[in-house]
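Participant: One structure, pasted below without further comment.
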Amino acid sequence: MSLLATGNPAPLGAHFDGKGVNFTLFSANAEKVELCLFDEQGNEHRYDLPARTGDIWHGYLANIRPGQRYGYRVHGPWAPHQGHRFNPAKLLLDPCARAVDGDVEDSQLLHGGYQEPDHRDSASVAPKGVVIQDDYDWEDDELLYTPWGETVIYEGHVRGLTQLHPQIPTAMRGTYSALGHPVMIDYFKRLGITALELLPIAHFANEPRLQRLGLTNYWGYNPFALWCVSPRYAINQVILDIVLNHTAEIDEHGPTYSMRGIDNRSYYWLQDNGDDHNWTGCGNTVNLSHPGVVDFAIGCLKFWVEECHVDGFRFDLASVMGRTPEFRQDAPLFEAIRQDPVLSKVKLIAEPWDIGAGGYQVGNFPPLFAEWNDHFRDGMRRFWLQQDLSLGGFACRFAGSSDIFRDDGRPPSASVNLITAHDGFTLRDCVSFNSKHNEANGEDNRDGTTHNYSNNYGFEGLEAGQHIKERRRDSIHALLTTLLLSQGTPMLLAGDEHGHSQHGNNNAYCQDNELTWLDWAHCNDGLTTFTAALIHLRKTIPALTANRWWDEGDNNVRWLNREGQPLRADEWQGGPRYLQIQLSDRWLIAINATDVVSEIVLPQGEWRAIPPFAGEDNPVVMAVWHGPAHGVCVFQKS
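In the working numbering, the protein residues as written are 104 to 741.
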C-alpha cells in the first residue's frame with residue numbers, strides 16, 4: 104500500500120503535527136522501506152514509504168495519533184561480505200523513536216542470520232516505536248550554566264541514589280521524580296555540588312547472557328533507543344552519560360532489531376569481510392564519521408538538550424566519536440558539534456579511550472571537551488595508597504595535569520579529576536580490598552580491572568581492627584582532600600561521601616540491588632560533613648576557581664617542604680614524602696605521606712587549622728603541625 108502524501112525529509116523520526124504523522128528513516132543502501140503500523144490487537148498494516156530525499160526515506164499519513172505503535176521492514180541486498188544485512192523478515196525499530204513499547208528479548212526470532220538470512224518473522228517479539236506528542240510544559244525552565252572553574256560533579260545512578268532513602272515515599276524511590284524531591288535537593292545543596300552526572304537514562308537493553316542468569320544491566324551502557332527516555336525510572340545542573348559508541352545489537356551474530364537491518368554498512372564500522380569492528384568491547388562500533396550517522400547523533404544530542412533540558416554530556420568510550428577510522432580532532436562529529444549553536448554551549452566531557460588500536464586519547468580531544476583524567480585517578484591512588492609516586496608526580500596531577508592539557512590551549516578544567524567512578528572500586532573499597540570480588544556477576548571473577556592501586560592495610564574486607572580502620576579513615580580523608588582541592592574539575596562518585604561499599608565488586612554493572620544502592624539509613628554522616636566542608640572550602644580559593652594555569656610567581660601556588668621552604672630539586676623526585684601547598688597566599692595544605700608522625704614547620708604567618716580539620720568553636724593557631732602518618736590538614740592564614 105502507498106501513503107497518501109510524500110511528507111518531508113525532516114525532522115528525523117515520527118512527528119505528529121496535530122493532523123497526522125510524518126515518518127522519516129535514514130538508509131543509504133536500502134532499496135525499499137515499509138512502514139509497519141500495529142493496531143491494539145497486534146495486527147500489522149504495511150505502507151511503502153513513497154519518497155526519498157538523499158538518504159532519507161519519508162512519508163506522511165493522515166489521521167494517525169499519538170500512541171500509534173510502528174516499525175519498519177527494510178528491503179535491500181543480503182551480502183554480508185559487503186556489510187549488507189537487509190532482511191525484511193525482521194521488524195526494525197526507528198533509531199529516532201521517542202518512545203518504545205517492549206524490550207530486546209533473548210529470542211531466536213530476533214536473529215537476523217550470519218551467512219544466510221533468517222526468514223522467521225520477528226514482529227511478535229521486536230520492540231516497537233510509539234508516536235508521541237512533544238508538548239511538555241517546562242514553564243520558565245532554562246539552560247543552566249555554571250562556569251567550569253566553579254563546577255563540582257557528582258556522578259550517580261537514578262535508581263541507586265534514592266532506592267533506599269527512608270525520607271522519600273516508597274512508591275517514588277528510584278525514579279526521576281525522587282531526584283527532584285526536596286530531601287534530595289536539600290542534600291545536593293548541603294553537599295555543594297553544581298552538576299549531577301547521571302549514568303545512562305536512554306532506553307537500554309539487558310544483554311541475553313544477563314537475562315539467562317536472572318540479572319539486569321544496571322548501569323545502562325547497552326542502548327537500543329538513544330532518543331527515548333528509559334521508562335525504568337518512571338534537579339540543579341544535569342549532565343547525561345550517553346552511549347553513542349555501540350548498540351545492543353552486539354556483533355554480527357547478535358540480534359537484528361534496528362540499525363543492523365536498516366543500513367548495517369552505514370551505521371557500523373565493519374571489517375573487510377563485513378563483520379563488525381569491536382573497538383568498544385561490546386560487539387560493534389557505531390560509525391560516527393558517516394554523514395547520515397553524524398546527523399543522527401547531532402539530532403539525538405539536541406533532543407536531550409532542547410526537549411529534555413539536560414545541561415551537558417559525558418560520552419562513554421568517546422574516542423569512537425573521533426574515529427575516521429584513525430582518531431582526529433577534526434573528525435566529522437567533533438566539527439558538527441563545534442559548529443552547532445546549541446551543542447557548542449553545553450558541557451561536554453569525554454571518556455577519552457576505547458579498546459581499539461590508537462584508542463587511548465587522553466589529552467587529545469578538541470577544545471570544547473573536558474576529559475576524564477585517569478592519570479589523576481591512578482596517580483593519587485599510587486601516592487596515598489601505594490606510596491610509589493614522587494612529590495613531583497603528585498604536584499603535576501594536583502596542578503591540573505598541565506603536562507597533558509596545557510599545550511593545546513585548554514584551561515585546567517579540561518582535566519576532570521576523579522579518584523573513583525561507577526566503573527571500579529568505591530572509595531571505601533579502595534582502602535578495604537586488595538583484590539576484586541566480582542563473583543556475583545556470573546563471570547567467575549574474570550571481569551573488572553585488576554589494576555586498582557588499592558590498599559587494604561593488612562586485612563581484606565570491611566571489618567578490621569581499630570588501628571586499621573583509623574588508617575583507612577585517614578587515607579579516605581587524604582584522597583578526598585586531594586580530589587576536592589586540586590586544580591581541574593573534581594568529580595565525586597555518589598556514595599563515597601557516605602562510606603558506601605560494594606564489598607569489593609569493581610564492576611557492578613549488573614547488580615541492581617542493595618550492593619549498589621546507597622544505604623542512607625547507615626551512612627557515615629561525619630564523612631558527609633567532611634566532604635561538604637571541602638567542597639565549600641574549594642569555592643573560596645581563587646587559585647581553584649579562576650580556571651587559569653598556575654605560573655611561578657603569580658601568587659596562585661607555592662610548593663614548600665617540611666621546613667616551610669621552597670622544595671629543592673632533589674626533594675621533587677626522591678626526597679621525603681612531605682609537602683606543603685600554599686594556594687592564593689591564604690590557604691595551606693600540609694601533607695605527611697610517610698608512615699610516622701612528623702613535625703612540619705608552617706610558613707611564616709599565623710595559621711589556623713580550619714573545618715573540617717579543626718573544631719568549629721576552637722580553631723587552632725599553630726606554627727608547627729604534628730602531622731599524623733598519611734595525614735593531611737588545611738590551614739587558613741589569620
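Ideal Cβ placement from N, Cα and C applies to all residues, glycine included. Model, not experiment: these values are computed from the prediction.
#1: Mind checking whether alanine 117 and glycine 232 have CB atoms under 8 Å apart?
#2: Report the residue ranges of all beta strand (DSSP E) runs contained in full by the region 477–564; include only those spanning at least 3 residues, in chain order.
#3: Identify which residue in Gln211, Asn166 and Ala305 has its Cα closest to the Cα of leucine 347.
#4: Give every residue of the same chain whose Cβ lies closer than 8 Å to the Cβ of valine 727, excluding the five residues on either side of it in the sequence, and list them in chain order.
#5: Compute the beta-carbon to beta-carbon distance between glycine 395 and phenylalanine 189, rounded to the nearest angstrom, for a pair I have assumed lies under 8 Å.
#6: Among Phe479, Trp456 and Asp477, which residue has its Cα nearest to the Cα of phenylalanine 468?
#7: Going by beta-carbon coordinates alone, are isoleucine 101 and tyrosine 150 separated by less than 8 Å?
#8: Return the first residue and the last residue of the beta strand (DSSP E) that glutamine 340 is part of.
#9: Straight-line CA distance for isoleucine 338 to proline 285?
#10: How should leucine 115 be labelled, buried or exposed, when 16 other C-beta atoms within 10 angstroms of its C-beta is the threshold for buried?
#11: Put asparagine 125 into one of helix, strand or coil per three-state DSSP.
#12: Can you give me the C-alpha to C-alpha distance between valine 445 and valine 408, rounded to a whole angstrom?
#13: So what does DSSP say about serine 422, is it helix, strand or coil?
#14: Inspect the beta-carbon positions of glutamate 219 and histidine 178 and report whether they are closer than 8 Å.
#15: Under 8 Å: do the region 288–308 and the region 255–267 share three or more Cβ pairs, one atom per stretch?
#16: Which partner residues does cysteine 736 have in the DSSP bridge list?
#17: Pull up the distance between the alpha-carbon of alanine 524 and that of leucine 596, whole angstroms please.
#18: Look at the alpha carbon of alanine 113 and the alpha carbon of asparagine 627, and state the distance between them as a whole number of angstroms.
#19: Give me whichever residues DSSP pairs with arginine 149 in a beta bridge.
#20: Under three-state DSSP, which class holds glutamine 314?
#21: Taking one C-beta from the region 651–669 and one from the region 309–323 each time, how about it: are there three or more such pairs within less than 8 Å?
#22: Need the endpoints of the beta strand (DSSP E) that cysteine 403 sits in, please.
#23: Is it buried or exposed, leucine 451, if we count other Cβ atoms within 10 angstroms and call 16 or more buried?
#24: Can you name the start and end residues of the alpha helix (DSSP H) that valine 704 belongs to?
#25: Between glutamate 666 and glutamine 685, what straight-line distance do the alpha-carbon atoms span, to the nearest angstrom?
#26: Can you give me the Cβ contacts of glycine 602 inside the same chain, cut-off strictly under 7 Å, excluding the 5 residues immediately before and after it?
#27: Rounded to the nearest angstrom, how far is the Cβ of serine 516 from that of threonine 592, given a contact under 8 Å?
#28: According to DSSP, phenylalanine 430 sits in a beta bridge with which residue or residues?
#29: If I measure Cβ to Cβ from serine 741 and keep anything under 6 Å in the same chain, skipping five residues before and after, which residues do I get?
#30: Name the residue from Asp657, Pro645 and Ala693 whose alpha carbon lies nearest to the alpha carbon of glutamine 668.
#31: Closest to leucine 772 by C-alpha separation, out of Phe126, Tyr217 and His260, would be which residue?
#32: Around the Cβ of threonine 383, are there at least 16 other Cβ atoms within 10 angstroms (buried) or fewer (exposed)?
#33: Pick out whichever of His214, Gly121 and Ala226 has its Cα sitting closest to the Cα of leucine 140.
#34: Sorted by chain position, which residues of the same chain lie with C-beta nearer than 8 Å to glycine 121's C-beta, five sequence neighbours on each side aside?
#35: What is the DSSP secondary structure of threonine 592, reduced to helix, strand or coil?
Facilitator: In short, the structure shows the following:
#1: yes
#2: 518–521
#3: Ala305
#4: Glu702, Ile703, Val704 and Leu705
#5: The Cβ separation is near 16 Å, so there is no contact.
#6: Trp456
#7: Outside the shown range of the chain, which is 104 to 741, sits residue 101, and nothing can be said about it.
#8: 340–345
#9: Bear in mind that a pLDDT of 49 at isoleucine 338, under 50, signals an unreliable position, so the number given afterwards is only what the model happens to contain. Taking the straight line from one Cα to the other gives about 10 Å.
#10: buried
#11: strand
#12: 8 Å
#13: helix
#14: no
#15: yes
#16: Ala693
#17: 5 Å
#18: 52 Å
#19: Cys139
#20: helix
#21: no
#22: Note, cysteine 403: premise wrong, no beta strand (DSSP E); alpha helix (DSSP H) at 394–405.
#23: buried
#24: Element bounds for valine 704: not the alpha helix (DSSP H) but the beta strand (DSSP E), 701–704.
#25: 13 Å
#26: Arg531, Cys626, Asn627 and Leu630
#27: 5 Å
#28: Arg426
#29: Glu709 and Arg711
#30: Ala693
#31: Not covered by the structure: residue 772. The range shown for the chain is 104 to 741.
#32: buried
#33: Ala226
#34: none
#35: strand
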